[in-house]
Amino acid sequence: MMKIELKWEKSNRWEKFKLEPRCHSYFMGDYINYSNERIKYFFDEIPIQKNSDYKGYLDALLIDDGGMGWKRSISWVEKGIEMIEKVLKNVSNEEGWGGKGFLAEIKKEGVLIYFITDDSYFDIISLKCFYKAMVSWRKFLDTEPNENTIMEIECEEE
1 MMKIELKWEK SNRWEKFKLE PRCHSYFMGD YINYSNERIK YFFDEIPIQK
51 NSDYKGYLDA LLIDDGGMGW KRSISWVEKG IEMIEKVLKN VSNEEGWGGK
101 GFLAEIKKEG VLIYFITDDS YFDIISLKCF YKAMVSWRKF LDTEPNENTI
151 MEIECEEE
């Protein structure tokens with residue numbers, strides 16, 4: 001099972017104390033076994049991963065707005081949702097979506113999220129959880145920035 005928390009947090013970047021959307025995700029259960037069962041769908045040769053635990057790259061992928069700012073990334077998030085729906089509806093076998101630092105390889109068997117410059121660091125999550133996270137993220141971006149606004153999502157892995 002995955003737990004995902006979406007909330008507004010004070011920035012520690014350029015504009016200090018400005019509220020920005022954040023994601024925190026957690027994999028509950030045996031992630032190493034889960035990812036080992038699905039890794040074959042993404043790699044011809046099984047890579048040696050430097051850290052086999054869940055690293056929370058979903059968090060980084062969702063906030064990776066390419067420097068545009070979260071308000072201007074909404075259409076990009078909507079495009080990602082459209083890509084996921086293509087795979088869910090069997091219109092496409094595979095789609096790719098991401099920002100400047102992280103990418104998602106979207107397949108029926110799961111979603112590989114990895115760092116652009118080093119694919120030996122990755123997470124694999126279910127397509128349904130990724131879809132639920134993306135739709136929730138899109139809804140969350142419509143909320144008024146407020147530290148008390150928190151959206152919690154749970155989804156079962158297949």
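Take the sequence shown: its letter number 17 is residue 17 in UniProt numbering, and every next letter is one higher.
Note that beta-carbon positions come from the ideal geometry of N, C-alpha and C, so glycine has one too.
Within 8 Å, strictly: CB atoms of residue i and residue j
i	j	result
isoleucine 106	isoleucine 84	yes
phenylalanine 140	leucine 19	no
isoleucine 153	lysine 132	yes
serine 11	phenylalanine 17	yes
Rounded straight-line distance, which links the Cα of residue j to that of residue i
i	j	result
lysine 108	phenylalanine 102	20 Å
residue 161	lysine 86	A question about residue 161 goes unanswered here, because the residues of the chain that appear run from 1 up to 158.
isoleucine 125	serine 75	23 Å
residue 159	glutamate 94	Since the first residue shown for the chain is 1 and the last is 158, residue 159 is missing from the structure and cannot be characterised.
serine 92	glutamate 82	11 Å
arginine 138	leucine 127	16 Å
threonine 143	isoleucine 63	15 Å
asparagine 146	methionine 134	20 Å
As assigned by DSSP and simplified to three states, the class of residue i
i	result
isoleucine 4	strand
leucine 103	strand
phenylalanine 140	helix
tyrosine 121	strand
methionine 151	strand
residue 164	Past the edges of the chain, shown from 1 to 158, lies residue 164, and the structure says nothing about it.
8 Å Cβ shell around residue i - same chain, five flanking residues per side excluded
i	result
methionine 28	Met1, Met2 and Lys3
Residue nearest to residue i in terms of C-alpha spacing, selected from the options
i	options	result
leucine 88	Ile116, Glu152, Asp118 and Val111	Val111
aspartate 65	Glu78, Lys40, Asn36 and Glu144	Glu78
proline 21	Glu156, Asn90 and Lys71	Lys71
alanine 60	Tyr41, Phe43, Ala104 and Lys40	Ala104
Beta-carbon proximity list for residue i, same chain, < 6 Å, skipping 5 on both sides
i	result
isoleucine 32	Ser52
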